[in-house]
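Novice:
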Amino acid sequence: MSTASDVTGVPAAPAPGRPAGWQHDFHVLFDRLRVRSFSRAGLIATVVQPLLFFAIFYCTFARMLDEEGIGFGRFVTPTVLVQALMFVAISSATELAADRSSGVFTRLLTSPVDMRAMSLAHLGVVALQGLLSTVVIALAGHLAGFRFDQGVLAALAFVVFAVAFTVALSLATATIALRLRNLEALSAVLHLPYLPLLVLSTGFVEADLFPGWLQPIVSASPVSGVIDALRALSTTEPTSGAVLPGLAWLVALLALFSWTTTAAFRKVAVR
């Protein structure tokens, strides 16, 4: 029998005689966040919006890339996937901020709920959303020519890489959500960087097609590294030169934003 919760979704105290621990708190909080994130509105952001952008990009770039001998599905699908994962991270931060402004976050902090469970439940739902977006975009890309040409292990690595990148992005956006109280300012801060990061990358054209002064920036971009790694794990040869820069960025982002999110969380918790 599951533990009861009130109308806010905050887990209530466990029944007498029932052992409580962070695993129990995790399951209750994970279920609450999962139901909200996979509601109709949540699925629009996770599934419908990325598919809409995929269709727009296809209508815009498919013929042009085909004339250059570049298959749209193979080249652009990883780009659309990275964009979808950015939307997941932005959405997760918005929901975190909404919980904080509504008082749910404060209620959790003052309850016996294990703090580890709160963080892991949030990241678990984000990972699940990232997995769903990855599957949906890969299936849509398949219709446009996207394929996993490097075998099953490379395909699995592609999925793991994408989900890990979603978690890294969500840690970055969670740091911002925990630092800012104004929801309007938060929305602007979250949405502002994503378009420049996506455009100034190898998502749509190779780095050597940018102006000379921009090429080093584009080549060094974490988005370029991740997109190139995803391409290498799917449709091109997975060489170390193609995968390692993205992997290095992924590890660095996870380490950095795990620390910043923990620091921001502790600062909120002691207020």
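The numbering used here numbers the first residue of the sequence shown as 17 and each following residue consecutively. A virtual CB, placed ideally from N, CA and C, is assigned to each residue, including glycine.
Give the single residue among 283, 39, 173 and 247 whose Cα lies nearest to the Cα of residue 162.
Specialist: When each option's Cα is compared against that of residue 162, the closest is 247.
Novice: Buried or exposed, going by whether 16 or more other CB atoms sit within 10 Å of the CB of residue 160?
Specialist: Flag for residue 160 reads buried.
Novice: Going by C-alpha distance, which of 133, 95 and 63 is nearest residue 49?
Specialist: When each option's Cα is compared against that of residue 49, the closest is 133.
Novice: Quick check for students: name the residue ranges of the alpha helix (DSSP H) that lie wholly in the segment 196–244, counting only runs of 4 or more.
Specialist: Fully enclosed alpha helix (DSSP H) runs of 4 or longer: 199–207, 210–215 and 231–236.
Novice: With DSSP as the reference, label residue 54 as helix, strand or coil.
Specialist: Residue 54 falls in the coil class under three-state DSSP.
Novice: Which residues in the same chain as residue 1 place their Cβ atom closer than 7 Å to its Cβ, once the five residues preceding and following it in sequence are excluded?
Specialist: Look at the range of the chain in this structure, 17 to 287, and you will see that residue 1 is not part of it.
Novice: Can you tell me where the alpha helix (DSSP H) with residue 124 in it begins and where it stops?
Specialist: Taken as a continuous stretch (DSSP letters only), the alpha helix (DSSP H) holding residue 124 covers 120–125.
Novice: Rounded to the nearest angstrom, what separates residue 76 and residue 227 at their Cα positions?
Specialist: Cα-Cα distance, rounded: 22 Å.
Novice: DSSP state of residue 177, grouped into three classes?
Specialist: The answer is helix: DSSP assigns residue 177 an H, G or I state.
Novice: Please work out which residues of its chain come closer than 7 Å, Cβ to Cβ, to residue 65, disregarding the five sequence neighbours upstream and downstream, and give them in chain order.
Specialist: The answer, listed in chain order, is 103.
Novice: State the Cα-Cα distance for the pair residue 213 and residue 269, rounded to the nearest angstrom.
Specialist: Using only the alpha carbons, I get a separation of about 15 Å.
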